[in-house]
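Take 6 as the starting number for the sequence shown in our numbering and just add one per residue. A quick write-up on the structure given underneath.
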Amino acid sequence: MKRIITIGREFGSGGRELGKRLADALGYAYYDREIEAAIAERTGMDIRYVTQLADRSLLASIPLHFGQTFTHASVQKQQIDILVEKQRVMKDFARLSDCVIVGRAADIVLSEYQPFKIFVYADMAYKIKRCQRYAGGSQPLSVREMERSIRKIDAARAQYRGMFPGIGWGDREQYHLCVNTTGLEIKGIIPSLAGYARSWFSSRPAP
């Protein structure tokens, strides 16, 4: 069975960077935005549209305009199609090689692969500082606006995760390892995380 690592993360905690660096350290494939790119290629949909709908909960409000007008029913059907295709894409990637997959409720979707499940979080002040450091644009958000944006994105992630059975997004019982990145240089903790992951996979019973 392939070795799969899934990364759940709070926005601004550095989970994406941690996942990429961990994949590089272990020699694993890394999948993040590549998932939406694959969905767009398979379905013929615009990648921006796929990305817009891919991480939305079906319970969330769906925008009715994206370059043209859609009925609510047609957009919801497209969203369901995207969600189904996303699960297929992740399973196809998981069958190809050892890999790290970021977000997208991959820990649940790929449960049959017995993935090593990591959740990355950090204090709000650290997340704001990190977001400000990497933010583009000529008019950076204020601290209050940045915090509001972080909370909104995390709420959306929790809502999306809530569509799947199991313990809720961010609940420590759901993960094998929770990593608090507050005040840490992420590349500095990768050797320890890689060693932990290797030990975890080595101790896993054979299927």
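Even glycine gets a Cβ: it sits at the ideal position worked out from N, Cα and C. Owing to the predicted nature of the structure, the values given are computational and were not obtained by experimental measurement.
- When secondary structure is reduced to three states using DSSP, I172 falls in the coil class, being assigned neither helix nor strand.
- Below 8 Å, too few C-beta pairs join the region 153–168 and the region 37–52 to call them touching: fewer than three.
- Within the same chain, and ignoring the five residues on either side of Q92 in sequence, the residues whose Cβ sits closer than 7 Å to its Cβ are V114.
- In this model, G19 and V125 are separated by some 7 Å (Cα to Cα).
- Taking the CA atoms as reference points, G167 sits about 10 Å from A160.
- The Cβ-Cβ distance between R8 and D97 does not fall below 9 Å.
- Taking the CA atoms as reference points, F121 sits about 31 Å from M151.
- Nearest in C-alpha terms to A140, of all of F16, E41, A28, is F16.
- A direct Cα-Cα distance of roughly 39 Å separates G200 from S147.
- For R209, the closest of Q119, G24, E39 by C-alpha to C-alpha distance is Q119.
- Around I194, the same chain offers no residue with a beta carbon nearer than 7 Å, after the five sequence neighbours per side are excluded.
- F121 is bridged by DSSP to I10.
- Residue pairing by DSSP puts L182 in a beta bridge opposite I123.
- Shortest Cα-Cα distance from T186 to any of I87, R135, W205 involves R135.
- In the assembly as shown, E90 is a buried residue. Its beta-carbon has 16 or more other beta-carbons within 10 Å.
- Only residues of its own chain outside the window of five on either side were considered, and among them E15, F16, G17, S18, I155 have a CB closer than 8 Å to the CB of K132, listed in chain order.
- The straight-line gap separating the alpha-carbon atoms of A127 and R47 is approximately 36 Å.
- If you check the CB distance, T11 and R38 do not come in under 9 Å.
- With 16 or more neighbouring CB atoms inside 10 Å of its own CB, M95 falls in the buried class.
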